[in-house]
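So the structure is just underneath, and the comments pick up after that.
Residue numbers (our numbering), protein chains in the order written: chain A, 17 to 359; chain B, 17 to 359.
What follows is the structure, given as structure tokens:
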């Protein structure tokens, strides 16, 4: 039975089948598509534009906290993962392993990063000599791979994009404080940019990050009443510092291990956006993250002057700083209304 | 013998040993460091800031050509690479292969992308139905892996960052024209942003991209009189369209294969920057790409008011839109001068 309110008919009823509604929305609004390898996802231009806005807005907030971006290699020697006992136990079942490269079997297997604490720890141990080098406050935007059995676009995929911040501090207090500060950055970001209500709190021992002393999570509230983990901030204590020999000469001339933190959010935030704001017509994006804030659809485009006027309007909006687009394709206006309503 | 002109003494003499000078500069100015896996590179914050500026400047120019960014999976089924005969021959010796994932041996081996024509082609074949869907103009910023025997930071590394644009057009003329347009974008970018003189031209049959009909390259001129390939634009004809079934229904109601192009530039451009502009004192960056355009170094910082004045100056410069930084570390002014002179 057709629902009168359901202007867009290609997507499942949000009230009757929320999971199907979600999948319909992400695929049919061309946010993403399924990749050829099971569990992988293609982020299409409309979805990627949201990610670019998220990156830009988040980078602004990271910069205020003194964070700089960098890039660390994706391939991690298998031995690195094994150096921290809880860490290897937590990630070993999910990793993808490179055994051949350049036509030869590798002497040591390489892991595609499921997260980068170990490889970054090995570099930090080289870079930190004295208390003068601390704190180290670095973030990277990259891809990671975690091989999971059940996958869903944006929410859980074998490869996903994320940011991972990794810091080292001279004292436990400073590192613990920074862990909290970044959790706060995430909370503000979720509320101000994504316009999603969130609850933050400490994870149980069982749920915490593999190798962390304490993990704090941000749970985002979805339309179906469920919560979705949308970001985590970990206080790592000296666990990775000891495994990777991250030592520094302190002001009192003694050698000490540093205290580290790590914190991450991912393309899952796009999934959260959809599930927190959608409606029976499809996607509904908060203005700050909407790639297209105004769409101009000319009616009777074939008539003289119509397309020119539409272009003029679009340009005027663009000049005002509004992300406007003109749909001048030769599809019918009805089809255009339908498509853009869904998006 | 010390050279009087050589203010910075930690780096090799540019006139006597250019390769050593290059390596000294990239490592000692903290643009990058060697990763734990042979042939890999860590891009440190100072180097990554250059990459971020390059990305921003390039994205502006891509947008003017109608290009949108997207993201495609990194793992490619081995069978994809084999579909285009020249392509597999060209890349097979360099690929890194994932054979295990999630604790199990994979039924089909997965290749870490050395370039993405094949996986992107498989998606385009799904997305293009009618002439209305063309042209497809998509770029992605990502990491790629090519396992090579001899590596050098930024110039040739097992993993590197790049952008790869992939387009499909209805006619050969349009695709050929687009190939040339993108080569022109690269040339203008190199000259206007990187301030590097370049020569563009067609590659020989032997040098062309594996699977292309024609490859056009941009050679950048370095201080030692050698040229460095800094970007390429490929006209792929229908080669990949036929291998990946990229067909569309044309206006005349007949099914046709599309004509595709691809074009890329990489973190190698940072290497080009260094080798085109450096001098005996180290790095010399054109203002457009310099992460730090003005460095404020307070002298006699311990005296009352000095640090405040320095901060004031730094803030004034920042407000003017100049990328300024203040070095308030407790290193000596002499060490600071030396460090920043090198950078």
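Beta carbons are placed, not taken as given, at the ideal position from N, Cα and C, and that holds for glycine.
The beta strand (DSSP E) enclosing residue i, as first and last residue numbers
| i | result |
| --- | --- |
| residue 237(A) | 230 to 237 |
| residue 112(A) | 112 to 117 |
| residue 134(A) | Looking at the DSSP string, residue 134(A) is not in any beta strand (DSSP E); the run it does join, the alpha helix (DSSP H), is 133 to 143. |
| residue 128(A) | 120 to 128 |
| residue 227(A) | First-last for residue 227(A): undefined, no H or E at that position. |
| residue 218(A) | 214 to 218 |
| residue 287(A) | Premise fails: residue 287(A) lies in the alpha helix (DSSP H), 284 to 293, not in any beta strand (DSSP E). |
| residue 312(B) | 310 to 312 |
| residue 274(A) | Segment: none, residue 274(A) is in no beta strand (DSSP E) and carries neither H nor E. |
Among the options, nearest to residue i - alpha-carbon criterion
| i | options | result |
| --- | --- | --- |
| residue 36(A) | 258(A), 353(A), 357(A), 294(A) | 294(A) |
| residue 183(B) | 252(B), 214(B), 236(B), 229(B) | 252(B) |
| residue 57(B) | 304(B), 265(B), 286(B) | 286(B) |
| residue 96(A) | 352(A), 256(A), 269(A) | 256(A) |
| residue 343(A) | 319(A), 322(A), 311(A) | 311(A) |
| residue 356(A) | 52(A), 314(A), 123(A), 116(A) | 314(A) |
| residue 254(A) | 266(A), 227(A), 270(A), 234(A) | 227(A) |
| residue 233(B) | 117(B), 248(B), 272(B) | 248(B) |
| residue 201(A) | 261(A), 81(A), 152(A) | 81(A) |
| residue 268(A) | 124(A), 148(A), 218(A), 221(A) | 148(A) |
| residue 309(B) | 120(B), 337(B), 138(B), 320(B) | 337(B) |
Cutoff 8 angstroms: residue i Cβ touching any chain B Cβ
| i | result |
| --- | --- |
| residue 69(A) | no |
| residue 285(A) | no |
| residue 106(A) | no |
| residue 49(A) | yes |
| residue 180(A) | no |
| residue 18(A) | Low confidence applies to residue 18(A): its pLDDT is 40, below 50, so where it sits in the model is not reliable, and the reading given next is rough at best. No, because no Cβ of chain B sits closer than 8 angstroms to the Cβ of residue 18(A). |
| residue 148(A) | yes |
| residue 66(A) | no |
| residue 356(A) | no |
| residue 184(A) | no |
| residue 118(A) | yes |
8 angstroms Cβ cutoff, residue i in contact with chain A
| i | result |
| --- | --- |
| residue 60(B) | yes |
| residue 338(B) | no |
| residue 234(B) | no |
| residue 27(B) | no |
| residue 40(B) | no |
| residue 84(B) | yes |
| residue 290(B) | no |
| residue 267(B) | no |
| residue 346(B) | yes |
| residue 30(B) | no |
| residue 2(B) | Missing from the structure shown is residue 2(B); chain B here goes from 17 to 359 and no further. |
| residue 262(B) | no |
| residue 87(B) | yes |
Under 8 angstroms between C-beta atoms of residue i and residue j
| i | j | result |
| --- | --- | --- |
| residue 244(A) | residue 186(A) | no |
| residue 164(A) | residue 110(A) | yes |
| residue 134(A) | residue 100(A) | yes |
| residue 307(B) | residue 69(B) | yes |
| residue 155(B) | residue 78(B) | yes |
| residue 280(B) | residue 143(B) | no |
| residue 52(A) | residue 93(B) | yes |
| residue 171(B) | residue 339(B) | no |
| residue 264(A) | residue 258(A) | no |
| residue 175(B) | residue 89(A) | yes |
Cβ-based neighbour list, residue i, same chain, cut-off 6 angstroms, excluding 5 preceding and 5 following
| i | result |
| --- | --- |
| residue 362(B) | Limits of chain B in this structure are 17 at one end and 359 at the other, which puts residue 362(B) out of reach. |
| residue 238(B) | 244, 291, 292 |
| residue 188(B) | 275 |
| residue 194(B) | 183, 277 |
| residue 167(B) | 55, 173 |
| residue 190(A) | none |
| residue 86(B) | 154, 156 |
Range of the contiguous alpha helix (DSSP H) that encloses residue i
| i | result |
| --- | --- |
| residue 201(A) | 188 to 208 |
| residue 78(A) | 61 to 80 |
| residue 97(B) | 94 to 98 |
| residue 178(A) | Element bounds for residue 178(A): not the alpha helix (DSSP H) but the beta strand (DSSP E), 175 to 185. |
| residue 41(B) | 34 to 44 |
| residue 341(A) | Unbroken run through residue 341(A) is the beta strand (DSSP E), 340 to 342; no alpha helix (DSSP H). |
8 angstroms CB neighbourhood of residue i in its chain, flanking five on each side removed
| i | result |
| --- | --- |
| residue 19(B) | Any reading at residue 19(B) must be qualified, since the residue scores a pLDDT of 42, below 50, and its modelled position is unreliable; the value itself is stated next. Once the five neighbours on either side are set aside, the close Cβ partners of residue 19(B) are 29, 296. |
| residue 130(A) | 107, 110, 111, 160, 161, 162 |
| residue 71(A) | 157, 179 |
| residue 17(A) | Residue placement at residue 17(A) cannot be trusted, given a pLDDT of 37 that sits under 50; what the coordinates show is reported in the next sentence. Same-chain partners within the cutoff: there are none. |
Beta-carbon proximity list for residue i, same chain, < 7 angstroms, skipping 5 on both sides
| i | result |
| --- | --- |
| residue 236(A) | 206, 212, 214, 243, 244, 246, 288, 292 |
| residue 290(A) | 38, 41, 42, 299 |
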